[in-house]
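Engineer: Taking full-length UniProt numbering, the leading residue of the sequence shown gets 1, the next gets one more, and so forth.
Built from N, CA and C at the ideal position, the CB exists for glycine as well.
Since the model is a prediction, treat every value here as computed from it, not as a measurement.
Sharing a structure below in structure tokens format, with a few things to ask.
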Amino acid sequence: MQLRRVHLMIGAACMTSWPWMTSAQQATLPAVQVNASRLDMPPLDVPAALSVVKVAPAQVGNPGINLSEMLVGVPGILARDRQNYAQDEQISIRGFGSRSTFGVRSIRLYVDGIPATLPDGQGQVSHFDFDVADRVEVLRGPYSVLYGNAAGGVVQLWSAPGTATPQTTLGVYAGSNDSFRYLADTRGTVGAMDYNVAASQLLSGGYRDHSRVNRQTAHARLGFDLGQGRTLTLVMNHLDQPVAQDPMGLTKAQLQADPRQASPVAEQFDTRKSTRQDQLGLIYERPSGDDGQWRAMVYYGQREITQYQSIPVATQANPLQPGGVVQPDTHYGGADLRWTHRGDWLGGDYEFVLGGGGDYQRQHRLGYENFVGDTLGVKGALRRDEDDNVNNVDAYAQWYWHFEPAWALMLGLRHDDVRFSAHDYYVTPSNPDDSGNVNYAATTPVVALQWRPGDDLRLYASYGEGFETPSYNELGYRSDGQPGLAFNLRPAHSHNIELGAKWQATQMLFFNAALFRADTRDELAIDASVNGRTTYRNVPEARRQGVELSMDGEIAPSWHLVAGYTHLQAQFRSSFLTCTATPCLAPNVPVHAGSRMPGVPEDYGSLLLRHDGDAHWSQGLTLTAAGPTTANDFGTARAAGYVIADADVTYAFPLGESARMQLSARVNNFADHRYVGSVIVNDGNGRYYEPAPARTWMFGARLVF
């Protein structure tokens, strides 16, 4: 799809709003303080590309299953529901993270200030609970490097505090493909404690064959007021996904023949994944004198995964091959201590943050054959037994100085030291000891300058250097097919610049724009992905540059529009040799400088137009568009662009004096368009394509009392 098509779709929506607006029609938005910048200021004053999405309890048009539902109209970020819960959502920010074949890479994830990204950089969003959510914050660009081992940005979910009056919500959703979601949420205040506790279950047969899922989640946020400005916050979450079938990708011929089918090898080997995760975090805050604050955070978690892949039996005849069943058991945790001080220097207000912390990850990884005799898709003989450990120590500082009425300066510095070590216990005469270790370290600066030519306008420029280590999933397999970890991979280093503008046109209408460029050395890229197993390599130079545009506000009484558009040029800046399959003893296929990076379109955007006519009815129209997406380094495989329309309607009515019922109906892709929702980059078997659903329905009911 052409740039013009996406641009006009969103630009027209912005322009048509102007005749409807008068200042008398606008109401005042409540002030929102955000945490993504670690500074206590509204989004307008943050010298960075920052989007804040309020998650209202009344948004029952969405079932609240995926993060992608919440990010409509947010520029820069591309969240794709893969219709494959064995691999989680595919999320990228400005092209960073598009290489991930499962989970989330290149982006730091947090829930209520507690890391949802493992110390090695691998994250997932399947335990994000939107029933308790107050808002989602998306930070993009140079500012995000202050969060450490990531390149693209930061996504944070914040739970709503408990309400003064206790409130309970019970909900059920039912829709296409035998999909059901059940939820319960209760929130309130008891003495000095406020609480917000929720639990849910998702059951679905899946749009495609062999894509069934059963997922249960629970989340609790407890806040304690200890007096004298001291607070303690307890955050707990639980994920149990006993089954998530993996239909795998399709070839172009399979896609054209039947997009709902699973790959034949997926059913042959019964590819699937089970996940269980529990996490606990504590945050303690207290004043430090009259102008400061201490914040201490500790967390601990455990994640257990068992995944059955489609590695052929013949391939596993090699005694060095680690099998077709992956079973990592991961224990992780960490702590962070932060001091904030506010004051006045040379006539200007400043805010100074100094902090440091450490994280650890202990993973016992087992590998088994995925067959016993002639029976496929079962756990067979042991083929891998190792401990994979990560230790990270970091320190950071940032200083925001409003040195003139119209000018502000932000300086930041962070140092990370990350150590990976592997201890191999599966040692045989034909499989030698592959233990080893590697250290990565970097110091990354950030600087931003902001100009305020008017009360409602902010212009800023920023620069930052990023640092991203390989994760254990990227180190896990070598391109040459030999055993052991790929310790030859190097961390990626990026130089990021950004120019931005923020304009509050009225009290209820906001516009944002940003120009950005990120040059990366030793870009981490996919070498080959075969039968669910992926190997990686470093590319000497890569560049991502583009523009983001967004608007959010009331365009007429009872009409609200949020829209976002991104143009992204992502290219390899140097030539390199790669593989087309594994094992690959020596890369021998050239990829030329200037080639487009796979996995992300050049143009993408979305908008949501919502009408709340009265206290009972609410209607919404969502448009999502993306240009063509290449699926391999050579640009020979690509998925076509698309424009998809969704619609929802909600009716709410009281039940007695203190209860109300909310009924909703939603249709996704109501034009019944056939398209590819996501791609598997550099799949060695040509199974690049993950088809999105045709027209689907979802009906919901929520009882609030």
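#1: Thinking G175 and T696 are a contact (beta carbons under 8 Å), I'd like their distance in whole angstroms, please.
#2: Provide the residue span of the alpha helix (DSSP H) that contains A665, from first to last.
#3: Within 8 Å, do at least three Cβ pairs link the stretch 229-237 to the stretch 246-256?
#4: Suppose only complete runs of 3+ residues qualify. What are the beta strand (DSSP E) ranges in the stretch 399-437, listed by chain order?
#5: Quick one, are the C-beta atoms of D246 and N84 less than 8 Å apart?
#6: Apart from the five residues on each side of it in sequence, which residues of its chain come closer than 7 Å, Cβ to Cβ, to F653?
#7: Please classify V704: does DSSP put it in a helix, a strand, or coil?
#8: Return helix, strand or coil for A615, following the three-state DSSP convention.
#9: Hey, is R517 close to the ligand ADP, as in C-beta under 7 Å from one of its heavy atoms?
#10: Is the Cβ-Cβ distance between M248 and F224 less than 8 Å?
#11: Might you give, ordered along the chain, the residues of its own chain that have their beta carbon closer than 7 Å to the beta carbon of Y425, omitting 5 neighbours on each side?
#12: Kindly give me the distance between the Cβ atoms of A647 and C579, rounded to whole angstroms, as I take these residues to be in contact under 8 Å.
#13: V649 by DSSP, collapsed to three states: which one?
#14: Cα-Cα, which of F699, S274 and N149 is closest to Y440?
#15: With Q90 as the anchor, note down where its beta strand (DSSP E) starts and where it stops.
#16: Could you spell out where the beta strand (DSSP E) holding L489 opens and where it closes?
#17: Check N496 in the structure and name its three-state DSSP category.
#18: Tell me, please, which residues DSSP counts as bridged to P654.
#19: In chain order, what residues of the same chain have a beta carbon less than 6 Å from the beta carbon of L703, not counting five sequence neighbours either side?
#20: Could you give the distance in angstroms between the alpha-carbon of T28 and the alpha-carbon of Q504?
#21: Using DSSP's beta-bridge definition, name the partner residues of D329.
#22: By how many angstroms is the C-alpha of W559 removed from the C-alpha of M523?
#23: Could you pull out every residue in the same chain whose Cβ sits closer than 6 Å to the Cβ of A184, ignoring the five residues on either side in sequence?
#24: Per DSSP, A244 forms a beta bridge with which residues?
#25: How many Å lie between D433 and R135 at the Cα?
#26: Using only the alpha-carbon positions, how far apart do H423 and V372 sit?
#27: Between which two residues does the alpha helix (DSSP H) holding K252 run?
#28: With 16 other CB atoms within 10 Å as the buried threshold, where does G357 fall?
#29: Using the DSSP secondary-structure output, state which residues sit across from I77 in a beta bridge.
#30: Starting from P590, follow its DSSP beta bridges and name the residues at the other end.
#31: Note the first and the last residue of the continuous alpha helix (DSSP H) segment covering A266.
#32: What's the C-alpha gap between G229 and S462?
#33: Below 6 Å CB to CB, which residues in the same chain sit around A24 once its five sequence neighbours on both sides are set aside?
#34: Which residue comes first and which comes last in the alpha helix (DSSP H) that contains L475?
#35: Where do the ends of the beta strand (DSSP E) carrying I107 lie?
#36: Among the candidates N392, M410 and P405, whose CA atom is the shortest distance from the CA of W399?
Structural biologist: On the basis of the data shown:
#1: What you label residue 175 is simply residue 175 of the sequence shown in a count that begins at 1. What you label residue 696 is simply residue 696 of the sequence shown in a count that begins at 1. Their Cβ separation, rounded to whole angstroms, is 6 Å, which keeps G175 and T696 in contact under 8 Å.
#2: As a first step, residue 665 is located in the sequence shown; it is residue number 665 there, counting from the start. Run containing A665: none in the alpha helix (DSSP H); it sits in the beta strand (DSSP E), A659 to N668.
#3: no
#4: Positions of the beta strand (DSSP E) runs, each at least 3 residues long and wholly inside the stretch 399-437, are given as 407-424 in order along the chain.
#5: In the sequence shown, the residue the question calls residue 246 occupies position 246. In the sequence shown, the residue the question calls residue 84 occupies position 84. In this structure, N84 lies closer than 8 Å to D246 by Cβ.
#6: The residue you call residue 653 lines up with position 653 of the sequence shown. H616, R660 and M661, listed in sequence order.
#7: Here residue 704 refers to the residue found at position 704 when the sequence shown is read from its first residue. Strand.
#8: If you number the sequence shown from 1, residue 615 lands on position 615. A615: coil per DSSP, three-state reduction.
#9: Judged by which ligands are present, the structure shown has none, so any question about the ligand ADP falls away.
#10: By one-based count along the sequence shown, residue 248 stands at place 248. By one-based count along the sequence shown, residue 224 stands at place 224. It is not a contact, given that the beta carbons lie outside the stated cut-off.
#11: For the purposes of this step, residue 425 is identified with residue 425 of the sequence shown, where counting begins at 1. D385 and E386.
#12: Locating residue 647 in the sequence shown gives position 647, where the first residue counts as 1. Locating residue 579 in the sequence shown gives position 579, where the first residue counts as 1. At roughly 45 Å, the Cβ-Cβ gap does not stay under 8 Å, so A647 and C579 are not in contact.
#13: Stepping through the sequence shown from its first residue, residue 649 is reached at position 649. Note: V649 maps to strand in three-state DSSP.
#14: In the sequence shown, the residue the question calls residue 440 occupies position 440. Of the candidates F699, S274 and N149, the one whose C-alpha sits nearest the C-alpha of Y440 is N149.
#15: Counting from one through the sequence shown, the residue named residue 90 turns up at place 90. Residues Q90 to I93.
#16: On the sequence shown, residue 489 is found 489 positions in, with the first residue counted as 1. Taken as a continuous stretch (DSSP letters only), L489 belongs to no beta strand (DSSP E), as it is neither H nor E.
#17: What you label residue 496 is simply residue 496 of the sequence shown in a count that begins at 1. N496 falls in the strand class under three-state DSSP.
#18: The residue labelled residue 654 in the question sits at position 654 within the sequence shown. DSSP output for P654 lists R660 as bridge partner(s).
#19: Translated into the one-based positions of the sequence shown, residue 703 becomes position 703. Counting only Cβ-Cβ distances below 6 Å, and skipping sequence neighbours, we find L170 and M661.
#20: As a first step, residue 28 is located in the sequence shown; it is residue number 28 there, counting from the start. As a first step, residue 504 is located in the sequence shown; it is residue number 504 there, counting from the start. For T28, the pLDDT reaches just 34, beneath the cut-off of 50, and the residue's location in the model is therefore unreliable, although a value from the coordinates is still provided. Looking at the two C-alpha atoms, the distance is approximately 12 Å.
#21: As a working note, residue 329 is residue 329 in the sequence shown. The partner list for D329 (beta bridge, DSSP) reads E304 and H364.
#22: Indexing the sequence shown from 1 puts residue 523 at position 523. Indexing the sequence shown from 1 puts residue 559 at position 559. The sequence shown places Glu at residue 523, not Met. C-alpha separation (whole angstroms): 44 Å.
#23: Residue mapping note: residue 184 aligns to position 184 of the sequence shown, counting from 1. Excluding positions up to five away in sequence, the list reads L170 and A199.
#24: Within the sequence shown, the letter at position 244 stands for residue 244. Here A244 is bridged, per DSSP, to V213 and K273.
#25: In the sequence shown, residue 433 corresponds to position 433, counting from 1. In the sequence shown, residue 135 corresponds to position 135, counting from 1. Computed Cα separation, rounded: 48 Å.
#26: Taking the first residue of the sequence shown as position 1, residue 423 is located at position 423. Taking the first residue of the sequence shown as position 1, residue 372 is located at position 372. H423 and V372: Cα-Cα distance of roughly 27 Å.
#27: As a position in the sequence shown, residue 252 is number 252, starting the count at 1. K252 -> alpha helix (DSSP H) spans K252 to A257.
#28: Translated into the one-based positions of the sequence shown, residue 357 becomes position 357. G357 is buried by the Cβ-count criterion.
#29: As a first step, residue 77 must be located in the sequence shown, where it is residue number 77. BP columns for I77 point to I93.
#30: Position 590 of the sequence shown holds residue 590. In the DSSP output, where bridge partners are listed per residue, P590 has L577.
#31: For the purposes of this step, residue 266 is taken as residue 266 along the sequence shown, with counting starting at 1. It spans P264 to Q268 - the alpha helix (DSSP H) in which A266 sits, taken as one unbroken run.
#32: The count along the sequence shown starts at 1 and reaches residue 229 at position 229. The count along the sequence shown starts at 1 and reaches residue 462 at position 462. Those two C-alpha atoms are separated by around 34 Å.
#33: Taking the sequence shown and counting its residues from 1, one reaches residue 24 at position 24. Reliability fails at A24, whose pLDDT of 30 lies under 50, so the model's placement of it is uncertain and no value is given.
#34: To locate residue 475, count along the sequence shown from 1; it is residue 475. From DSSP, the alpha helix (DSSP H) with L475 extends over Y472 to L475.
#35: What you label residue 107 is simply residue 107 of the sequence shown in a count that begins at 1. Run containing I107: I107 to V111, per the beta strand (DSSP E) assignment.
#36: Walking along the sequence shown from the start, residue 399 turns up at place 399. Closest option to W399, Cα to Cα, is M410.
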